[in-house]
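Going by the numbering used here, the sequence shown opens with residue 16, and the numbers climb by one from there.
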Amino acid sequence: MILAPSILAADFGVLAEQIKRAEDAGASWLHIDVMDGQFVPNISFGIPVLKSIRKYTDMFFDVHLMIKSPQRYINDFIDAGADGITFHIEAVSNPFECIDIIRKRGKNVGISLKPETPVAAVEPYLDKIDMVLIMSVEPGYGGQEYMESVNEKIRKLRQMTGEDFHIEVDGGIDADNIKTATCAGADVIVAGTAVFNDDIEGSIRELLGK
Numbered sequence: 016m017i018l019a020p021s022i023l024a025a026d027f028g029v030l031a032e033q034i035k036r037a038e039d040a041g042a043s044w045l046h047i048d049v050m051d052g053q054f055v056p057n058i059s060f061g062i063p064v065l066k067s068i069r070k071y072t073d074m075f076f077d078v079h080l081m082i083k084s085p086q087r088y089i090n091d092f093i094d095a096g097a098d099g100i101t102f103h104i105e106a107v108s109n110p111f112e113c114i115d116i117i118r119k120r121g122k123n124v125g126i127s128l129k130p131e132t133p134v135a136a137v138e139p140y141l142d143k144i145d146m147v148l149i150m151s152v153e154p155g156y157g158g159q160e161y162m163e164s165v166n167e168k169i170r171k172l173r174q175m176t177g178e179d180f181h182i183e184v185d186g187g188i189d190a191d192n193i194k195t196a197t198c199a200g201a202d203v204i205v206a207g208t209a210v211f212n213d214d215i216e217g218s219i220r221e222l223l224g225k
């Protein structure tokens with residue numbers, strides 16, 4: 016299992032320090048939620064933040080674009096340090112355009128699904144991408160409760176893909192329900208408030224089962 020702490024829940028006053036603590040505790044990916052206030056009803060951060068933290072860590076930067084027309088910004092985020100780009104199937108009319116841009120830059124490709132979007136929506140693209148991100152909350156805000164209804168989507172997607180394919184789950188995951196997602200077939204877990212709290216190291220050890 017890969018743990019990808021979401022910096023959306025971090026303290027930006029000491030962001031580099033908290034990222035380092037998460038990395039030292041065993042997290043190998045860093046999840047970076049980019050919101051534009053249009054595709055989702057919230058605004059987070061963008062390219063300058065990504066560029067500023069890149070020099071402090073070698074972690075895999077897992078960039079989740081919750082934005083309209085993501086194809087306009089993919090190259091900019093890769094230039095800023097992204098290792099993988101995930102875009103929403105609901106935000107594009109031609110997913111192959113985004114896939115091609117990311118592939119040409121040699122980065123990992125992911126497609127994300129909102130809770131109500133069926134797995135069938137990504138089936139035509141599975142052989143072209145590295146990962147599907149299944150949202151287990153409505154995208155836009157942290158701190159929501161995990162939707163148990165997504166477990167069936169995870170199981171169905173895992174049946175459609177091989178062992179080398181990543182299934183990422185994002186939203187409402189903590190130490191009490193993480194096994195629900197992993198037992199269903201998820202192998203990349205995003206956690207925000209369950210990591211970035213008063214005990215980052217202890218929280219990561221608990222999530223990783225150490």
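Even glycine gets a Cβ: it sits at the ideal position worked out from N, Cα and C.
Phe-211 is positioned such that its CB atom lies closer than 8 Å to that of Ala-24.
Here the alpha carbon of Glu-216 sits roughly 8 Å from the alpha carbon of Gly-41.
For Thr-195, the CB contacts under 8 Å within the same chain, skipping 5 residues up- and downstream, are Tyr-161, Glu-163 and Asn-166 in chain order. The three-state secondary structure of Ile-62, taken from DSSP, is helix. In terms of Cα proximity to Ile-82, the closest of Ser-151, Gly-187 and His-103 is His-103. In the three-state reduction of the DSSP assignment, Phe-76 falls in the strand class, which pools E and B. Between the region 32-41 and the region 55-62 there are fewer than three C-beta pairs closer than 8 Å, too few to call the two in contact. Excluding its 5 nearest sequence neighbours in each direction, Pro-110 has C-beta neighbours in its own chain below 7 Å: Ile-104, Ile-126 and Tyr-140, listed in chain order. Counting only residues of its own chain and dropping the five nearest sequence neighbours on each side, Val-134 has a CB closer than 6 Å to the CB of Lys-168, Lys-171 and Leu-172. In the three-state reduction of the DSSP assignment, Glu-131 falls in the coil class, being assigned neither a helical nor a strand state. The straight-line gap separating the alpha-carbon atoms of Ile-144 and Val-124 is approximately 5 Å.
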